[in-house]
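Number of protein chains: 2
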Amino acid sequence: KNDLQLEFKNRTIKHISIFEGVDEKFVREIALYLTPIVLTPGDYLFRTGDVANSMFFVKKGKISVLTEDEKQELTILKSGDFMGEIALFKKSNRTATVKSIGYSDIYELHKKEFEKVIKKYPDIALRIKEKSISREQ
Amino acid sequence: KNDLQLEFKNRTIKHISIFEGVDEKFVREIALYLTPIVLTPGDYLFRTGDVANSMFFVKKGKISVLTEDEKQELTILKSGDFMGEIALFKKSNRTATVKSIGYSDIYELHKKEFEKVIKKYPDIALRIKEKSISREQ
Ligand SMILES: Nc1ncnc2c1ncn2[C@@H]1O[C@@H]2COP(=O)(O)O[C@H]2[C@H]1O
Ligand SMILES: Nc1ncnc2c1ncn2[C@@H]1O[C@@H]2COP(=O)(O)O[C@H]2[C@H]1O
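These protein sequence lines are chains A and B, in that order.
In terms of the working numbering, the first sequence opens at residue 25 and continues consecutively.
In terms of the working numbering, the second sequence opens at residue 25 and continues consecutively.
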């Protein structure tokens, strides 16, 4: 069962756009760190101003990124996207509210392991960082 | 530095009331699982309805547990208290909003490790469970 789960994770990881072309070693390492989370329709993952301990990768579903008052939708995230990286990079609180539209399957990467990955794989770090900066514009 | 941190954690753990009288083996094991988090005044740890991936132990500070509309304060948590266990036990979303009053030092226990601890130490599980049930009344 664990082997199957791991195999499943490995496949998801390869579908995450910023992980395109990474080597097997990286895939195996990050797979160990990811925790699956299921979001049901309308579930909040977190809200603007919350303390940040993790970033997340979308495996399946549609996830809305909203302003604090929820009146503006900044983007919709889908399979292969990620979120929650800004607060980790900037050591700030959450800059937006993240809410699932339907059922979504996501993976959590905890701050502890995020920091390991960032240090050990500078090119991955750069890819996440670049996307992150473009979101802050 | 890591040894010092661990020693510091071990002392905190012994101050958490539900861990009173536990053996050294348990303390050493749970210390490995806890991640420190600093909350600044007014920081939200999470809010009613959010998805739950962790529970938390208070090392220092004052933390307010509020109803969803934040009009009622259910309790103030202090050194040695814990929060976030209800959603993990019930596999539900957060039943209340948790906000730091001043600066607080807390420890996070992730769902993955929470489940390990609960299985391996049924008497600790029972103590957390009992407190949890009393909160739901
Ligand atoms: N303008 C934006 N466009 C797309 N995603 C965003 C935007 N602003 C914030 N986000 C994402 O929403 C997340 C909210 O939490 P973080 O600030 O940790 O990280 C943020 C980004 O991943
Ligand atoms: N009436 C209450 N008194 C004290 N603590 C509470 C009360 N209701 C909820 N909590 C705590 O607040 C937390 C909110 O998230 P959880 O539902 O995971 O777990 C909850 C408890 O730890």
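The beta carbon of each residue, even a glycine, is placed where N, CA and C say it ideally should be.
Just so it is clear, the structure is predicted and the values come from calculations on it, not from any experiment.
Interface residue (Cβ-Cβ distance to chain B less than 8 angstroms): TYR68 of chain A is classified as such. Those residues of the stretch 115–132 of chain B placed with their C-beta closer than 8 angstroms to a C-beta in chain A are ASN117 and GLU132, ordered along the chain. Fewer than three beta-carbon pairs drawn from the stretch 44–55 of chain A and the stretch 113–127 of chain A are found closer than 8 angstroms, and the two stretches are therefore not classed as touching.
DSSP, read as helix, strand or coil, puts LYS155 of chain B in helix. Among the residues facing chain A, THR59 of chain B is included, as its CB has a counterpart in that chain under 8 angstroms away. Using a Cβ-Cβ cut-off of 8 angstroms, LEU28 of chain B does not count as an interface residue toward chain A, since no Cβ of chain A sits closer than that to its own. Contacts with chain B at 8 angstroms (Cβ-Cβ) do not include HIS39 of chain A.
Scanning chain A for C-beta atoms nearer than 9 angstroms to the C-beta of GLY73 of chain B yields GLY66, ASP67 and TYR68, reported in chain order. For PHE138 of chain B, the enclosing alpha helix (DSSP H) stretches over residues 135–144. The set of residues whose C-beta lies within less than 6 angstroms of a heavy atom of ligand 1 reads, in chain order, A:ALA76, A:VAL89, A:LEU98, A:THR99, A:MET107, A:GLY108, A:GLU109, A:ILE110, A:ALA111, A:ARG118, A:THR119, A:ALA120, A:VAL122 and A:ARG159. Separation of ILE142 of chain A and SER158 of chain B (C-alpha to C-alpha, rounded to the nearest whole angstrom) is 42 angstroms.
The beta carbons of PHE106 of chain A and ILE42 of chain A sit about 7 angstroms from each other, so the pair counts as a contact at 8 angstroms.
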